[in-house]
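The sequence shown begins at 32 in the working numbering and counts up one residue at a time.
Every residue, glycine too, gets a C-beta built ideally from N, C-alpha and C.
Heads up, the thing below is written out as structure tokens.
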Amino acid sequence: MQQSDRVGLLFALAGFCLLSVSDAVVKSMADEWTPTALAAVRYTIGAVGLSALLLAREGTAPLRSVPKPGIQFLRGFGIALATVTFFGSVWLMPLADAVAITFFQPMITAILAAIFLGERLQAGKIGAIIIAFAGVLVVLRPNFADIGFAALLPLICATGMAVLMTANRAVRGAGSALAAQAYAAIGSAALLVPLAFAAARSGYAEVAFFWPEWHVLARTCMVALLASIAHWLIFKGTQRAGAATVAPMTYVQILLATILAWIFFGEAPDPTALGGAALIIIAGLWLWQMGRGADAAAARKAEASA
Numbered sequence: 032m033q034q035s036d037r038v039g040l041l042f043a044l045a046g047f048c049l050l051s052v053s054d055a056v057v058k059s060m061a062d063e064w065t066p067t068a069l070a071a072v073r074y075t076i077g078a079v080g081l082s083a084l085l086l087a088r089e090g091t092a093p094l095r096s097v098p099k100p101g102i103q104f105l106r107g108f109g110i111a112l113a114t115v116t117f118f119g120s121v122w123l124m125p126l127a128d129a130v131a132i133t134f135f136q137p138m139i140t141a142i143l144a145a146i147f148l149g150e151r152l153q154a155g156k157i158g159a160i161i162i163a164f165a166g167v168l169v170v171l172r173p174n175f176a177d178i179g180f181a182a183l184l185p186l187i188c189a190t191g192m193a194v195l196m197t198a199n200r201a202v203r204g205a206g207s208a209l210a211a212q213a214y215a216a217i218g219s220a221a222l223l224v225p226l227a228f229a230a231a232r233s234g235y236a237e238v239a240f241f242w243p244e245w246h247v248l249a250r251t252c253m254v255a256l257l258a259s260i261a262h263w264l265i266f267k268g269t270q271r272a273g274a275a276t277v278a279p280m281t282y283v284q285i286l287l288a289t290i291l292a293w294i295f296f297g298e299a300p301d302p303t304a305l306g307g308a309a310l311i312i313i314a315g316l317w318l319w320q321m322g323r324g325a326d327a328a329a330a331r332k333a334e335a336s337a
């Protein structure tokens, strides 16, 4: 392994660890605020911060002329859906379980890419999807008994993330990475803020909007900062080591979420749920390996035709 690969892996590992820490901070705010309010404020902070950074680095041009605005808005929708449902899920169920189920996202992405982008859904991918879904059912089993249909929230989160990933492919190469982050944050904030106020008028205490104690707002700012730094580290890691090398590192989030949940929230690992998480990881790695094989075959074909 080259030095650049090692540095890239360390960058990515640090980024994925920070995402798990951010998730734990979100869980620490359970019963102190509501998921809709937290999501709205978190992405408003992100939208303002990223827009300011974009203006400082690239001027007004990226904001005056947004490439493929419809798809950019779809990216924002995916983030908004994933954020609200994930925040709700970590407040209602064990952190490690919620994180593990969200890793069903690559399988949903494969299905959406086949439907909307015309990508081939091979037998191997279908097998990985079935294994991962079996893992999801195993993880959901105890939670479904405790909280009912609310246990499906992380699965809805995975769907929102899959919408984002599929839309990302459709806007690949349209603008800088910073602009892409800013567009997604602006789109999600534009959806989450009205949602928070509409939810507040619904009369349900679980989604009421109110200004919390200062320490809750401080932790919300921490979540926004940690997530932004994490995504930057993962992006830099991908630049140095390549996406195919970095991708398997993402599963460290499940391990760290399990450790943090045990230490800070007293959520001892459930052996059955760990078995389900293992199935999801195996399926994800299988899907990743198939993707690497397809990329290598395409590269060889390109070299042969050159």
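Selected residue, minimal CA-CA separation from residue i, among the options
i    : options                : result
P302 : G166, G46, V56, I265   : G166
E63  : A198, Q153, A236       : A236
F117 : L69, T281, V247        : L69
A45  : F135, V238, A141, L264 : L264
A78  : P66, T67, T65, L94     : L94
S53  : G268, T251, G297       : T251
A299 : A127, F42, S82, G107   : A127
L86  : T269, R106, Q212       : Q212
F40  : V277, A308, M321, Q284 : Reading off the sequence, residue 40 comes out as Leu, not Phe. Measuring from the Cα of L40, the nearest candidate turns out to be V277.
L318 : L81, A258, W245, Q153  : Q153
G80  : I312, I260, M321       : I260
T67  : T114, Q320, M138       : T114
S96  : A210, L310, G297, F228 : A210
F108 : Y214, G158, I76, L287  : Y214
P243 : T65, L168, K156, F104  : T65
A308 : P279, V254, L168, G322 : L168
L105 : A145, N199, I146       : N199
N174 : I146, T289, A304       : A304
P125 : I313, W293, G322       : W293
I313 : E89, E150, A145, G158  : G158
DSSP state of residue i mapped onto helix, strand, coil
i    : result
Y235 : coil
G213 : Per the sequence shown, the amino acid found at residue 213 is Ala instead of Gly. Residue state, collapsed to three classes: helix.
S207 : coil
E89  : helix
Q270 : helix
A65  : With the sequence shown as reference, residue 65 is identified as Thr, and Ala is not the correct amino acid for it. In this structure, T65 counts as coil in the three-state DSSP scheme.
R172 : helix
D54  : helix
P125 : coil
F296 : helix
D36  : helix
V202 : coil
M321 : helix
R106 : helix
K99  : coil
G191 : helix
F240 : coil
G166 : helix
D177 : helix
G149 : coil
M280 : helix
F117 : helix
M60  : coil
Contact under 8 Å by Cβ, residue i with residue j
i    : j    : result
L49  : I110 : no
A201 : I102 : yes
Y74  : S207 : no
A182 : L171 : yes
A216 : K99  : no
A55  : F295 : yes
Y282 : G306 : no
M60  : V247 : yes
G191 : L84  : no
T197 : L148 : yes
A141 : I161 : no
A249 : V238 : no
V38  : R271 : yes
G119 : L184 : yes
A176 : I311 : no
F47  : Q284 : yes
L287 : S51  : yes
A43  : M253 : no
Integer-rounded CB distance, given that residue j should sit under 8 Å from residue i
i    : j    : result
L123 : I178 : 5 Å
A71  : L226 : 7 Å
A129 : V121 : 5 Å
L143 : A193 : 6 Å
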